[in-house]
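**Q** Can you keep this structure in mind? I'll have questions shortly.
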Amino acid sequence: MTLSPLARRRLKQFRANKRGFWSLWIFLSLLALALLSPVVANDKPIMLGFEGKLYAPIFKTYPETAFGGDFETEADYRDPYVKELIEAKGGWMIWPPIRFSYDTVNYNLPTPAPSAPTTENILGTDDQGRDVAARVLYGFRISVLFGLTLTLVSSLIGITAGAFQGYYGGWLDLVMQRFIEIWSSLPSLYILIIFSAMFVPGFWTLLLILLLFSWVGLVDVVRAEFLRTRNFDYVRAAHALGVSNFTIMRRHVLPNAMVATMTLMPFILTGSITALTSLDFLGLGLPPGSPSLGELLAQGKNNLQAPWLGFTAFISLALMLSLLTFIGEAVRDAFDPRKTTL
């Protein structure tokens, strides 16, 4: 696919911002690692060989009786008895780098939980004996996926609302502006806390609750671009030729509004992740036991004698948000027509 001269200029400008360019690659690498969490951190082997057959425990559940055990329940591959059953007949297991999942409790800790970092638990354990490294990996994945989903859906709603306001104007613009002013003045944090207490917390429940207020962020920017662009000569010419309003909005006006939208989306993503982390920190976010950076941050506050909890949560959040901020700055520079690369 051949890029247009404008797209090539923007790509060149983005690459010129070394901090944002390398932040993008680091963030994508961390995201790829997080998406492969079941392969990187799991309490089940990636591959298992037994009596000439291959098994993939991380993808399929096998009963203990499949390896000569006594129970029909799923085999506990960390159990020494199951290990002996497999190894007794020449079996072998390929384990992930981290032999714990986000909810795996290590019952063989050298000290009471929370336990300090060891060679087995490289970042230590939390106050329930769960591996911190595994929970950070799974928590990073949930945070980014939640933030991306919320950003995309809220941007779609905000762009649509701002487009109709700016293009049609008149009473539609007046009524929607008054509604947005009233809606934005509501104490969103208190309403979020009330809704979180009323409904069973979950990924999609929190997404819908946060979506109630997050869509407002892009409305003013898109509305201003549509108000400015709708009076341009080429838009008037398209209207005079009988082109439908929807086609004019989509083909001729929306591309101008997307410039401002694209520059704001990385910062909206940062705010979405921060909102989820804040709710988890307050105990109003994801269900108990879910891997969450906010919950790990709360554990660090409640267990000051275990500084690895607070430091791990802080460094993880600081690194994630810093990378997204640097990427956002590079995107903003790339879409800024006043900036040119030499």
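Using full-length UniProt numbering, read the sequence shown as starting at 1 and increasing by one per residue.
Quick reminder that beta carbons are idealized off the backbone N, C-alpha and C, glycines included.
Could you check what DSSP says for Y102 in three-state terms: helix, strand or coil?
**A** By one-based count along the sequence shown, residue 102 stands at place 102. Of the three classes helix, strand and coil, the one that applies to Y102 here is coil, per DSSP.
**Q** Between S37, L156, F71 and F311, which lies nearest to F100 when the distance is taken from Cα to Cα?
**A** Your numbering for residue 100 matches position 100 in the sequence shown. Answer by Cα proximity: S37.
**Q** Would you mind stating whether T149 and L207 have Cβ atoms separated by less than 8 Å?
**A** Numbered from its first residue, the sequence shown carries residue 149 at position 149. Numbered from its first residue, the sequence shown carries residue 207 at position 207. The answer is yes: Cβ separation under 8 Å.
**Q** Reducing DSSP to helix, strand and coil, say where W95 ends up.
**A** As a first step, residue 95 is located in the sequence shown; it is residue number 95 there, counting from the start. Coil.
**Q** What is the DSSP secondary structure of A16, counted as helix, strand or coil?
**A** In the sequence shown, counting from the first residue as 1, residue 16 sits at position 16. The answer is helix: DSSP assigns A16 an H, G or I state.
**Q** Pairs of beta-carbons, one from the stretch 24-40 and one from the stretch 85-99, closer than 8 Å: are there three or more?
**A** Yes, the stretch 24-40 is in contact with the stretch 85-99.
**Q** Among R332, G328, Q305 and S322, which residue has its Cα nearest to the Cα of P112?
**A** Counting from one through the sequence shown, the residue named residue 112 turns up at place 112. Closest option to P112, Cα to Cα, is Q305.
**Q** Cβ of Y167 within 8 Å of Cβ of M249?
**A** Against the sequence shown, residue 167 aligns to sequence position 167. Against the sequence shown, residue 249 aligns to sequence position 249. The answer is yes: Cβ separation under 8 Å.
**Q** Considering Cα atoms alone, identify which of L24, K12, A7 and A16 is closest to P266.
**A** As a first step, residue 266 must be located in the sequence shown, where it is residue number 266. Here the closest residue by C-alpha is L24.
**Q** Near R15, what residues of its chain come up, given a Cβ to Cβ distance below 8 Å and the 5 sequence neighbours on each side ignored?
**A** By one-based count along the sequence shown, residue 15 stands at place 15. Within the same chain, R15 has close Cβ partners F21.
**Q** If we ignore side chains and look at the alpha-carbon of each, how far apart do L276 and F164 end up?
**A** Position 276 of the sequence shown holds residue 276. Position 164 of the sequence shown holds residue 164. Distance between the alpha carbons of L276 and F164 is about 30 Å.
**Q** Between G285, I273, V175 and W92, which lies nearest to S322 when the distance is taken from Cα to Cα?
**A** For this step, residue 322 is matched to residue 322 along the sequence shown. Comparing Cα-Cα distances from S322 to each of G285, I273, V175 and W92, the minimum goes to I273.
**Q** Is G129 helix, strand or coil by DSSP?
**A** As a first step, residue 129 is located in the sequence shown; it is residue number 129 there, counting from the start. In this structure, G129 counts as coil in the three-state DSSP scheme.
**Q** Specify, as a first and last residue, the run of the alpha helix (DSSP H) that M176 falls within.
**A** Position 176 of the sequence shown, counted from the start, is the residue given in the question as residue 176. Note, M176: alpha helix (DSSP H), G170 to S185.
**Q** Can the beta-carbon of L189 be found less than 8 Å from the beta-carbon of I209?
**A** Locating residue 189 in the sequence shown gives position 189, where the first residue counts as 1. Locating residue 209 in the sequence shown gives position 209, where the first residue counts as 1. Cβ atoms of L189 and I209: not closer than 8 Å.
**Q** Starting from the Cα of N106, find the closest Cα among D131, V82, I94 and G91 and give me that residue.
**A** Working through the sequence shown from its first residue, we reach residue 106 at position 106. Selected option, being the one with the closest Cα: D131.
**Q** Could you compute how far the alpha carbon of N121 sits from the alpha carbon of A313?
**A** Here residue 121 refers to the residue found at position 121 of the sequence shown. Here residue 313 refers to the residue found at position 313 of the sequence shown. Distance between the alpha carbons of N121 and A313: 16 Å.
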